[in-house]
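What follows is a short report on a single structure.
Numbering (the numbering used here), first residue to last: 6 to 228.
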């Protein structure tokens with residue numbers, strides 16, 4: 006009887022080994038994942054793992070690309086999106102990995118945001134050239150502002166010009182930017198012109214896209 010019980014426990018132990026091995030996961034850390042705003046629109050993906058693995062990326066549950074054909078810990082790929090069609094702006098992707106024992110793992114679902122979906126697919130009735138011209142027009146138009154100075158309200162126009170942009174992982178919004186801002190204040194204000202140089206950090210928020218706190222220095226050109 007005792008031998009029978011020992012055999013039963015031994016068989017259960019053997020059967021449990023592959024079950025535990027399948028529950029193990031490969032930890033993946035995304036370093037960069039974004040689509041370039043400029044043409045050709047390129048998906049740049051860079052990530053690392055804590056153990057050597059072969060990897061693929063599956064985009065939108067449709068397109069699959071080989072990232073690392075050898076067992077590596079650092080993985081990177083650039084994919085030209087020019088010839089691929091998408092019907093939405095938020096594109097999901099997953100990383101498929103294989104360890105040295107032949108076990109296959111599928112990561113959690115990540116997401117990238119297409120920066121200019123009108124350039125990647127043309128909706129019915131839309132004109133890409135008109136879209137570009139409209140975008141340029143919006144870019145060069147300054148933004149109106151209310152300036153409160155010495156308890157008086159003044160109207161002003163501000164134009165921001167990014168100098169250096171830093172991209173982070175997961176989103177197409179930059180992680181931060183260094184920019185110049187010029188402001189002209191009307192209505193005979195004590196100060197008519199301001200020039201700012203500062204840094205803004207972008208924090209993505211789903212409901213309102215993002216917030217961007219920052220710090221800057223400025224001059225009013227009066228030395």
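The beta-carbon is built from N, C-alpha and C at its ideal position, and this holds for glycine as well. Remember, it's a predicted structure, so these values are computed and weren't measured experimentally.
In its chain, beyond the 5 residues on either side, 34, 36, 78, 79, 80 have a beta carbon closer than 7 Å to the beta carbon of residue 53. The beta carbons of residue 85 and residue 47 sit closer together than 7 Å. Here residue 64 is not near residue 115, since their CB atoms are 7 Å or more apart. Its Cα nearest to that of residue 39, the residue 179 stands out among 57, 179, 166, 60. No Cβ-Cβ contact shorter than 7 Å links residue 142 with residue 166. For the pair residue 51 and residue 103, the Cα-to-Cα distance works out to about 17 Å.
Note that the C-beta distance between residue 101 and residue 61 is below 7 Å. For residue 196, DSSP records no beta bridge to any residue. A straight-line Cα-Cα distance of about 38 Å links residue 96 and residue 222. Shown here, residue 226 sits in coil according to DSSP, grouped into three states, outside any helix or strand. With distances taken between CA atoms, residue 83 lies nearest to 70 out of 192, 70, 74. Straight-line spacing of the CA atoms in residue 198 and residue 148 works out to 15 Å.
Non-local beta-carbon contacts of residue 76 in its own chain, meaning distances under 7 Å to residues more than five positions away in sequence, involve 57, 58, 59, 105 in chain order.
In the displayed model, residue 207 falls within coil according to three-state DSSP, outside both helix and strand. Between the C-alpha atoms of residue 164 and residue 150 there is a straight-line separation of about 10 Å. Residue 94 is positioned such that its CB atom lies closer than 7 Å to that of residue 119.
Of the candidates 191, 113, 181, the residue whose Cα lies closest to the Cα of residue 216 is 181.
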